[in-house]
Each structure stands twice: as C-alpha cells, then as structure tokens.
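Enquirer:
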Amino acid sequence: MNLLERIGPRLPQSSGDTLKAQLDFSVVLRLTIHWCSCFSSVLHITEERFTFILVTFKNPSLSSCLKPAIQVQITPTQGEISVGESKFFLCEVTGDAKDIDWYAPSGEKILPNRPDIIVSRGDETMSTLTIYHANVDSAGIYKCVAKNGDKEAQATVQVKIFQKITFESAPSPQEFNEGDDAAIVCNVVSSPPPTIIWKHKGSKIQAAKDVRFKILDKGHLQIRGIKKIDEGMYNCEARVMARGEIDFRMIKVVVNVLPTIRARVSDVNATADIGASALLACDADGFPEPTVTWAHNNIVLENGDKYSLGEDGSELEIKDVKKVDEGDYTCIAKNKAGEKAEEVSLNVFVQPKITYLNNKTASEFDEQVILTCEASGDPTPTISWSFENRVFTEGEQASWTRPDKYESLDRNIVVRSHARVSSLTLKNVLFTYAGQYLCSASNSIGQDEQLMFLEVRYAPKILGLVTVYTWEGNAANISCEVEAHPGAAVLWFRDGLQLPSANTTNVKIYNTPSVSYLEITPDSQNDFGSYNCTASNVMGSESKEFLLIQAEVPSSPEIQQVDPFSSTAVVSFEEPDSMGGVPIIKYRVEWRLPGQEWKSVEHDAKDDLISITITGLKPETAYKVRMSAINGKGEGESSAVSSFTTEPVQYSFTNDSPFRYSNAVTVSSETPPHIAATSLALSEYAGEPSAPKLEVKVQERGNSLKVNWIKQDDGGSPIKHYLVRYKAKHVSEWKPEIRIPQNSEYVTLSGLDWNTEYEVYVVAENQQGKSDPGIVSFRTASDPTTIPDAASGGSGLGTGAIVGILIVVFFLLLVGVDVTCYFLNKCGLLMCIAVNFCGKAGPGAKNKDIEEGKAAFTKDESKEPIVEVRTEEENTPSQGGGPTEPNETTPLTDPDGKTVKEEKTKVGETEVKNATAEVKTVPSEAPQTNGNESKA
1 MNLLERIGPR LPQSSGDTLK AQLDFSVVLR LTIHWCSCFS SVLHITEERF TFILVTFKNP
61 SLSSCLKPAI QVQITPTQGE ISVGESKFFL CEVTGDAKDI DWYAPSGEKI LPNRPDIIVS
121 RGDETMSTLT IYHANVDSAG IYKCVAKNGD KEAQATVQVK IFQKITFESA PSPQEFNEGD
181 DAAIVCNVVS SPPPTIIWKH KGSKIQAAKD VRFKILDKGH LQIRGIKKID EGMYNCEARV
241 MARGEIDFRM IKVVVNVLPT IRARVSDVNA TADIGASALL ACDADGFPEP TVTWAHNNIV
301 LENGDKYSLG EDGSELEIKD VKKVDEGDYT CIAKNKAGEK AEEVSLNVFV QPKITYLNNK
361 TASEFDEQVI LTCEASGDPT PTISWSFENR VFTEGEQASW TRPDKYESLD RNIVVRSHAR
421 VSSLTLKNVL FTYAGQYLCS ASNSIGQDEQ LMFLEVRYAP KILGLVTVYT WEGNAANISC
481 EVEAHPGAAV LWFRDGLQLP SANTTNVKIY NTPSVSYLEI TPDSQNDFGS YNCTASNVMG
541 SESKEFLLIQ AEVPSSPEIQ QVDPFSSTAV VSFEEPDSMG GVPIIKYRVE WRLPGQEWKS
601 VEHDAKDDLI SITITGLKPE TAYKVRMSAI NGKGEGESSA VSSFTTEPVQ YSFTNDSPFR
661 YSNAVTVSSE TPPHIAATSL ALSEYAGEPS APKLEVKVQE RGNSLKVNWI KQDDGGSPIK
721 HYLVRYKAKH VSEWKPEIRI PQNSEYVTLS GLDWNTEYEV YVVAENQQGK SDPGIVSFRT
781 ASDPTTIPDA ASGGSGLGTG AIVGILIVVF FLLLVGVDVT CYFLNKCGLL MCIAVNFCGK
841 AGPGAKNKDI EEGKAAFTKD ESKEPIVEVR TEEENTPSQG GGPTEPNETT PLTDPDGKTV
901 KEEKTKVGET EVKNATAEVK TVPSEAPQTN GNESKA
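For reference, each letter of the sequence shown is one residue, going 1 to 936 in full-length UniProt numbering.
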C-alpha cells in the first residue's frame with residue numbers, strides 16, 4: 001500500500017479543517033517535497049516519532065495539493081546590504097515556468113533597462129536580481145513570480161539597507177594648548193548609531209571615574225584642563241552590537257605648552273670704547289620649540305653690523321659696545337601656544353685709567369712727602385697704593401715696623417681720596433721709604449696700574465759683621481757694606497792712618513758699588529786689632545770699627561755614647577763648645593787595644609754629622625776611644641777616653657730534618673772548636689755580613705719557587721736589605737735585581753720556565769757593604785700533561801682501566817717474545833730460569849758453551865738477530881747446589897772480540913729480574929759499540 005492510500009482516508013476534504021494523525025517514522029521519511037509544500041506549519045515533532053499535529057492546507061482540496069506544482073525559492077532568503085555596496089539574489093524555479101519576473105517593493109515590475117537594479121535570466125529555471133551601489137531607497141520586499149499558464153508560484157526576500165561604521169571626521173593630529181578644555185573630535189555614523197569607546201595607552205577611558213574626562217553627545221572626548229602628560233595616541237573605537245561590527249581610528253593628540261623664558265644673566269655689564277662685545281642670552285622652553293627674537297626700544301633687532309643673533313636666536317651679541325647701547329633688551333619667545341617676554345639689562349661702564357702720577361724726591365728726615373694719583377672711569381674707580389708687599393687704602397694707617405698689620409696709632413702713612421684723586425702722605429721720611437710705589441685704580445669692570453719712584457736722599461749707613469777671625473799667614477776679608485743715596489766713598493783706617501800705607505804690604509782693598517773689602521794676611525800678632533771703615537756722600541758720613549781677632553783651635557767634642565757590634569762600633573758625640581772662631585773642617589776618631597798604639601781615622605765635618613762608625617774591630621775585645629776636632633787653625637784637644645767591648649759574632653745553624661728550624665749560636669772564645677770550625681774564620685773581620693744560607697721549596701705549581709734564607713753574621717752592623725738575582729743557567733742575562741726588606745726571610749719566584757735549571761744569588765747588605773752571595777740551584781718541574789676525562793668521552797673506561805689494559809697487552813707481548821727467543825735462539829727469561837733453577841739447557845743448546853760457562857754468540861746466515869746470552873756453570877751436589885753468582889771478572893765477548901765486565905746481580909728473585917733486563921737483541925749486521933749495552 002502506498003503512502004497516499006494509507007493517509008488518504010484520514011485527510012480532511014476542505015481547507016481550514018484540522019487533522020490529528022500519527023505517522024510512523026518510516027512513513028515521514030518518504031514524504032516528498034510536493035507534499036511538504038502543502039503544509040503551512042508543523043506544530044510539534046517528537047524525537048522517536050514524527051507526529052504532525054494541526055496541519056493546515058493551503059489548497060482547497062487534498063487532490064489539488066497532491067498534484068505537481070511550480071515552486072520558487074530565492075537565495076539568499078534575506079539580504080542586508082551596506083550603503084554603497086552591491087548584491088545579487090538568485091530566484092530558482094522548480095517545475096515548468098514560462099515567465100520569471102521580479103517586482104520592486106513598490107509593486108512595479110522591474111524592467112531590464114534600469115541602471116541601479118538589473119534583472120537577468122540565466123535559463124528557464126533561474127533569474128538573477130542584482131542591486132548595484134545600494135542606497136536607503138533600495139530597501140524593501142522584492143518578489144520573484146514564476147508563471148506557466150494558469151500555474152503561478154512566487155517567493156519574496158526582504159532587503160535591508162544599513163549604514164556601515166563610517167568615520168566622517170577624525171583628524172590626526174589634533175593640537176591643544178596646555179590648560180585648555182580640549183575636545184577630541186571623532187565623528188562616526190552608522191545604522192543603527194554606533195557605541196563610541198575611547199582608549200588611551202591601552203586602557204579604556206572611564207569618564208565616570210575621572211572627572212577630567214567626558215564623552216560628549218556626538219561621541220567626542222573632552223579633557224578638562226589638558227596637560228602635557230595627556231599627550232599621545234588615543235583610540236576612537238565604534239561598535240554596532242547588532243551586527244558585531246567594529247572599527248577604530250588612532251588620533252594623535254599634541255599638547256602645546258606656552259613658552260617659558262629665563263634670562264641667563266638679568267644684568268650684563270660691558271665695557272665701552274675698547275672694541276669689546278656684549279652677549280645677552282635667554283633660554284626658552286615650550287612645545288613646540290619656540291622662536292626667539294630680541295627687541296630694544298620697541299624695535300626688533302636683526303643680524304647686521306651692530307647685532308648678531310645666534311642660530312636659535314637665544315643669544316644676542318652687541319658689537320663694539322658704546323655707552324649709548326646701555327638699556328633694557330627684551331627677549332621674546334613665541335610658539336603656537338602663545339608668547340612670553342623677559343627683560344635683560346645692559347650696563348655699560350668705562351674702564352679706569354690713571355691720568356696723573358709723577359715721581360718724587362725727598363730727603364731723609366723731611367717732615368713729609370705727598371704722592372698723588374688721579375684716575376678716571378665709570379663707575380668712579382677706587383684708588384689704592386702699595387709698596388712692595390704692603391697695601392695702603394683710605395682710612396687705614398700702616399706701621400713700617402709692622403708691615404703686616406695696620407695700626408691706627410701710627411700716623412706716619414696716611415691715604416686720602418676725593419672723587420677721582422688719591423694722595424699718599426709719608427711723614428718723617430726715612431731712607432727705607434725709597435722705592436717704587438704702585439697706584440691702582442679699579443672699579444667693577446676693570447683696573448689700571450702705574451708705578452712711580454720715590455727717591456730718598458740719605459747719609460751712608462754701614463752694615464756687616466764687626467768681628468772677623470783668622471790666624472797668622474791666613475788671609476781674611478773684612479766687609480764694609482754701605483747703603484747711601486747718592487753713592488758714598490769708602491776709606492779704611494788703622495790707628496788713624498789711611499790704608500793701604502807704605503808700611504803695610506799685607507793689606508789689599510777691593511771695592512764694589514755697595515761693599516768695600518779689606519783683605520789682611522796677618523804676619524804677626526800686631527796685625528790683629530781694630531780697623532775703621534768710613535763712608536761719605538753729600539748727605540753726610542758714617543764710620544764703623546771692625547775687629548780682626550786671632551783664631552783658636554776648637555775645644556774637644558764630647559763623646560755621648562758608643563754602640564759596639566762584633567766588628568764595628570758607632571761613636572755618637574756632640575760638637576765642641578768653642579769652634580775657635582772659624583768652622584770645624586774635620587773630626588778625628590782614635591781607638592786602641594789596651595797597651596797598644598792609637599789608630600785613627602778622619603771624617604769631614606758635615607752639618608748633620610753626629611756619629612762616626614769605627615770598622616775593622618775584633619769581636620769580644622776591649623777598646624778605648626777618643627775624639628778631637630780640627631779647624632783651619634789646627635787640631636784641638638782630645639776628648640775624654642771612653643771604653644767599650646765589642647760583641648761576639650752571631651751565626652745560625654739548621655738541622656737537616658724535613659721540619660727545619662734555626663737556632664742562633666754565639667761564636668765566642670768559649671765556643672767548642674768543632675762548632676767554631678763550622679763558621680768563618682774569626683781572624684778576619686771586614687765589616688760586611690756573611691752570605692745567607694739558602695733553601696728551596698717548590699710551590700704547588702711546578703714553575704713557582706720559594707727561596708728561604710737564614711741570616712748569618714751581620715758583620716757587626718744591621719742588615720739593610722737583601723738583593724736577589726736569578727736566571728736560567730743556559731742564558732747569560734740575569735733577571736732584574738729584586739730588593740727585599742731586611743725583616744723578610746724569603747722570596748717567591750713565579751712564572752718560571754718548565755723543566756729548566758735556574759740559579760739564584762742572594763746577597764745581604766749592611767752599612768759596610770755587601771756579603772758574598774748565597775747560591776742555590778734547582779730545576780723546575782716538567783710541563784704537566786693533561787689527561788682527558790674518559791667519562792666525558794663516553795667510553796665508559798677510566799684512566800686506570802686503560803693503563804691496566806696497556807700493561808697486560810705489553811706483558812703478553814713480552815711473554816710471546818721471550819718464548820720465541822727460548823725456542824729459536826736459546827735465550828730470554830725462560831732460558832735463564834731453565835738454566836739457573838732447573839739445571840736444564842734449552843733445546844738445541846751447545847754443551848760446549850754450557851761446560852765452559854762462558855757467553856756464546858750464535859750467528860746463522862739467515863740474518864737472524866744476534867742474541868747475547870750469558871749462562872753460569874751448573875753446580876754439582878757436592879758444591880751445595882744452585883747457580884753460582886757471577887763476579888766482576890767474568891768476561892763477555894762482543895762480536896768484535898772485545899771483553900766487558902758484568903755488574904753483580906742479586907740472588908733469587910732479584911736475579912731473575914736482572915736476567916730479564918740482561919737479554920738484548922741487536923741486528924746481526926750492527927756491531928756492538930758499547931759494553932754496557934751488550935750485557936745479557
């Protein structure tokens with residue numbers, strides 16, 4: 001039974017009726033599209049069965065529904081078009097259709113020749129409606145109608161025209177002045193109207209939380225009192241929620257800052273009439289960078305002969321400044337935000353200049369002399385006076401006796417100033433007032449100075465020492481130093497007689513502009529005494545008596561202390577109380593053993609000489625010492641005798657144990673001879689220290705070395721330092737000398753060459769000189785070889801395992817060689833064991849050689865190696881058994897007939913080991929050249 005027969009009786013016969021029917025799932029699947037077009041709605045469908053409830057039929061009868069019909073379908077079923085876009089709709093017809101027409105929303109049939117809407121038919125079952133550049137008028141319901149005779153079918157599609165998000169005005173950048181209420185423009189249109197969201201620095205601007213921000217009616221963003229920190233990129237984002245449409249524009253916001261201006265120097269001083277320039281400068285800030293201009297007396301200044309503007313206009317140079325250039329200059333900074341101005345004052349001054357200053361002449365003891373100085377300048381200059389290192393100013397009085405301090409009570413010097421004139425009054429004129437005086441005029445912008453000379457005329461004044469010491473036969477000069485103006489004539493007198501006279505042949509006179517010298521060579525006591533110097537000029541004269549006194553030998557120095565050492569002694573002393581009138585030239589030191597003659601040495605006298613060292617003394621010996629001083633007259637008396645005893649010699653000894661230590665041993669007259677013999681002979685003492693004893697210790701790194709030394713006898717004087725030199729033995733050049741402090745006991749030598757023999761010299765030095773060098777030689781270690789880590793290579797074998805394997809292989813190789821030698825050449829370790837322990841000869845051994853107990857060499861013609869074998873005679877039981885030990889007289893015969901001696905070997909295991917080493921093979925054609933190499 002077909003589907004129609006099954007459901008036919010149950011279907012209503014007229015439209016508007018309803019039918020409740022329950023169909024099997026299989027039946028529903030077989031419904032055709034023709035039947036489905038008859039139903040207007042399906043109210044409910046279950047999952048397990050399709051139950052159609054309340055089906056309304058469009059056709060008047062069931063029979064008409066079931067007949068074949070024309071069907072129309074529009075793709076897409078609905079359409080949304082953005083303004084300005086184009087879109088097409090496809091009308092597909094099922095069944096035979098003669099005409100397919102499209103109707104506009106107004107109900108009019110769309111003709112093919114319309115420019116904005118075009119209808120085209122592809123074939124009998126398809127027609128296309130294309131809407132180009134849609135606008136708002138294009139919206140509505142479009143209908144596609146298919147006809148074939150009396151058959152007709154239609155379908156509709158609703159076309160909606162919408163406005164996409166469009167930014168009509170969102171300029172970038174947008175500029176505002178700092179502090180203004182800025183409105184950032186972002187005009188956006190769409191249908192429906194969009195939602196505007198503003199973002200800055202990646203964050204959404206929330207106007208509800210920040211009162212500075214406000215979203216205006218058109219979506220513009222207002223920032224109240226915009227600041228420089230608000231500058232940057234802003235994101236104006238538009239959204240249409242219904243379509244999920246979004247678009248944005250990035251708007252750059254620039255905040256212009258009103259210029260700020262600051263004069264570098266608000267008051268500029270310049271000097272007129274010297275061709276100098278004045279520089280006025282101001283610094284301007286703002287955004288954008290402001291332009292700077294200058295104005296003076298409401299006139300804008302430009303580059304020219306008088307003015308020069310810097311590249312950015314911030315500096316104004318006024319050339320060849322004149323007094324008329326003085327005044328206020330305006331620095332103006334201007335940008336988009338506005339302009340600011342700052343005043344800079346130019347003060348033009350005139351440099352001081354001294355216009356009057358003349359030299360003066362006065363006589364000593366005049367009541368006063370007035371020095372006058374006049375100067376010009378603007379502002380009015382201050383005038384001061386100076387003489388040598390003293391400065392005089394108005395209102396201050398200076399004392400010549402206290403030049404470093406002004407005293408109001410001393411009115412000998414008075415400075416007075418009025419307007420541009422200053423006077424320096426010197427009262428009670430003295431000869432010391434003479435000289436150059438400096439007048440200085442200064443104001444805030446400069447200074448002028450000029451010198452004048454005050455000439456003071458005065459009578460001679462004689463200076464110099466009045467006593468001179470000498471001795472008979474020694475010439476002496478008496479100096480008469482004269483100060484006078486004008487210059488003075490100098491005469492010498494003795495007992496009223498002018499010198500030189502006819503009776504004085506031992507007197508000479510030498511004159512210079514300021515000094516007269518009287519040279520006297522005393523012949524006798526009569527030449528000593530008083531001499532008169534008289535100086536005269538137009539202002540007066542002056543005389544002075546000089547005494548020539550007989551010099552004496554110095555008194556004796558005083559020995560303060562004697563510090564003895566083993567071979568030296570330091571004598572400290574004080575200089576004599578009396579020098580005898582002339583300087584001490586030398587000091588003499590004398591010493592002696594009790595009952596023997598005095599020995600002496602002289603030392604030149606120096607200013608810092610307070611001690612003298614005596615050398616060449618014997619240890620543990622009593623001495624006496626005295627001193628005397630020598631001047632030009634002669635040697636003075638000796639000092640009181642002082643006694644002292646020298647110290648014993650100090651030596652050091654060390655034991656030879658691995659833990660070394662040193663003990664100081666005093667070698668004296670009571671020291672046993674066997675100890676004294678280990679040191680230097682005590683009969684010679686040169687004063688130099690003994691050579692230090694050296695020992696070497698290799699450091700952890702093999703090319704570094706620590707050299708220790710043990711101090712020996714210091715020679716009676718403290719060691720000052722040690723001198724270290726070293727070099728490799730195969731080179732001739734020494735390394736630079738190293739100086740080590742006296743309290744050090746070692747030196748470390750680093751960075752030495754590997755596997756190199758070095759020699760080191762260490763010398764001790766005291767006040768008397770240097771010791772003989774302590775010498776030590778050593779060899780540095782070999783350069784360490786780096787063994788790579790087996791684990792890092794991934795082999796899995798350690799270094800020990802590899803070495804063990806190599807030893808085993810080598811041992812097996814030796815065993816193989818030894819067995820071969822035993823059977824082929826009757827030699828080797830097995831041969832030795834067989835002969836010496838088992839008493840058996842090897843296979844093929846010659847009985848003659850065994851009986852004779854001598855070495856035999858076998859040589860065949862096949863160029864086999866010659867094997868040198870040594871065997872011992874077999875012992876009979878009566879001889880105690882076992883092999884006899886070879887002696888040094890047992891001969892070995894070389895191939896060339898030479899005889900060599902064999903070293904003694906040990907018995908037992910040691911003998912076996914030696915036997916292994918005593919087997920040597922050499923090519924038959926190579927003759928034996930060394931007896932030691934031929935031992936078997």
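Note that CB positions come from ideal geometry on N, CA and C, so glycine has one too.
Let me confirm a value: Ile462 is counted as buried when at least 16 other C-beta atoms fall within 10 Å, else exposed. Which label applies?
Expert: buried
Enquirer: State buried or exposed for Arg416, treating a residue as buried only when at least 16 other CB atoms are found within 10 Å of its CB.
Expert: Arg416 counts as exposed, since fewer than 16 other C-beta atoms from the protein chains shown sit within 10 angstroms of its C-beta.
Enquirer: Whose C-beta lies closer than 8 Å to the C-beta of Ser777 among residues of the same chain, with five residues either side of it excluded?
Expert: Lys729, Glu757, Tyr758, Glu759 and Val760
Enquirer: Name the DSSP bridge partner or partners of Leu609?
Expert: None; Leu609 has no bridge partner.
Enquirer: Mapping the DSSP letters down to three states, classify Cys821 as helix, strand or coil.
Expert: helix
Enquirer: Spatial neighbours of Ser572 within its chain, please: C-beta separation below 7 Å, excluding the five flanking residues on both sides.
Expert: Residues of the same chain with a CB within less than 7 Å of the CB of Ser572, apart from the 5 flanking positions on each side, are Gln560, Gln561, Ile610 and Ser611 in chain order.
Enquirer: For Ser444 and Asn511, what's the separation of their Cα atoms in angstroms?
Expert: 52 Å
Enquirer: Could you pull the start and end residues of the beta strand (DSSP E) that Met539 belongs to?
Expert: Where Met539 is concerned, there is no enclosing beta strand (DSSP E), given that its DSSP letter is neither H nor E.
Enquirer: For Ala69, which of helix, strand or coil comes out of DSSP?
Expert: When secondary structure is reduced to three states using DSSP, Ala69 falls in the coil class, being assigned neither helix nor strand.
Enquirer: If you compare alpha carbons, which of Leu221, Pro193 and Val257 is closest to Ser178?
Expert: One point to set straight first is that residue 178 is Glu, not Ser, in the sequence displayed. Of the listed residues, the one whose Cα sits closest to Glu178 is Val257.
Enquirer: Going by beta-carbon coordinates alone, are Thr330 and Gly313 separated by less than 8 Å?
Expert: no
Enquirer: Just reading off the beta strand (DSSP E) that Glu455 is part of, what are its end residues?
Expert: Gly446 to Leu463
Enquirer: Which value, in whole angstroms, describes the spacing of the CA atoms of Ser628 and Phe528?
Expert: Their backbone Cα atoms lie some 27 Å apart in a straight line.
Enquirer: Please name the residue in Pro513, Arg249, Asp495 and Pro619 whose C-alpha comes closest to that of Glu545.
Expert: Of Pro513, Arg249, Asp495 and Pro619, the residue nearest in Cα terms is Asp495.
Enquirer: Here's the rule I'm using: 16 or more other beta-carbon atoms within 10 Å means buried, otherwise exposed. How should Tyr356 be labelled?
Expert: Around the beta carbon of Tyr356, fewer than 16 other beta carbons lie within 10 angstroms, which makes this residue exposed.
Enquirer: Return the CA-CA distance between Arg592 and Asp714, expressed in angstroms with no decimal places.
Expert: 23 Å
Enquirer: Across which residues does DSSP place Glu481 in a beta bridge pair?
Expert: Partner(s): Leu463 and Val515.
Enquirer: Looking at the strands, I want to know which residues DSSP matches up with Met250.
Expert: Asn235
Enquirer: Report the residue from Glu647, Thr748, Ile251 and Ser638 whose alpha carbon sits nearest the alpha carbon of Leu694.
Expert: Nearest to Leu694 by alpha-carbon distance, out of Glu647, Thr748, Ile251 and Ser638, is Thr748.
Enquirer: Per DSSP, which one or two residues make a beta bridge with Trp709?
Expert: Leu694
Enquirer: Would the segment 243–252 count as touching the segment 280–292 if we require 3 or more Cβ pairs under 8 Å?
Expert: no
Enquirer: Curious, which full-length beta strand (DSSP E) runs of at least 3 residues does the segment 129–183 contain?
Expert: 140–148, 151–162, 166–169 and 174–177
Enquirer: Measuring CB atoms only, is the segment 378–386 touching the segment 427–443, in the sense that at least three cross pairs come out at less than 8 Å?
Expert: The segment 378–386 vs the segment 427–443: in contact.
Enquirer: The beta strand (DSSP E) that contains Asn347, what's its start and end?
Expert: Gly338 to Leu357
Enquirer: Apply the 10 Å Cβ neighbour rule to Ser639 and answer buried if 16 or more other Cβ atoms are within range, or exposed otherwise.
Expert: buried
Enquirer: So, is the C-beta of Asn532 closer than 8 Å to a C-beta in chain E?
Expert: The structure shown has no chain E; it contains just one protein chain.
Enquirer: Considering only the alpha carbon of each residue, which of Thr156, Gly107 and Val211 lies closest to Thr77?
Expert: Thr156
Enquirer: Taking all protein chains shown into account, do 16 or more other C-beta atoms lie within 10 angstroms of the C-beta of Phe25, making it buried, or fewer, making it exposed?
Expert: Only weak support exists for where Phe25 lies, its pLDDT of 37 falling under 50; the coordinates are left without a value.
Enquirer: Quick check: the Cα distance between Thr432 and Leu451, rounded to an integer number of angstroms?
Expert: About 17 Å.
Enquirer: So, with DSSP's three-state summary, where would you put Val815?
Expert: helix
Enquirer: Between the C-alpha atoms of Ala398 and Ile370, what's the straight-line distance to the nearest angstrom?
Expert: Since pLDDT at Ala398 reaches only 47, below the 50 mark, its modelled position is unreliable, and no value is offered.
Enquirer: Val762 and residue 939 - do their beta-carbons sit closer together than 8 Å?
Expert: Look at the range of the chain in this structure, 1 to 936, and you will see that residue 939 is not part of it.
Enquirer: At a cut of 8 Å, does the segment 147–154 reach the segment 223–234 through at least three beta carbon pairs?
Expert: no
Enquirer: Out of Pro460, Ala801 and Phe644, point me to the one whose CA is closest to Ser567's CA.
Expert: Phe644
Enquirer: Residues bridged to Gly774 by DSSP?
Expert: Val762
Enquirer: Going by alpha carbons, who is nearest to Gly79 out of Thr125, Asp99, Glu124 and Lys143?
Expert: Lys143
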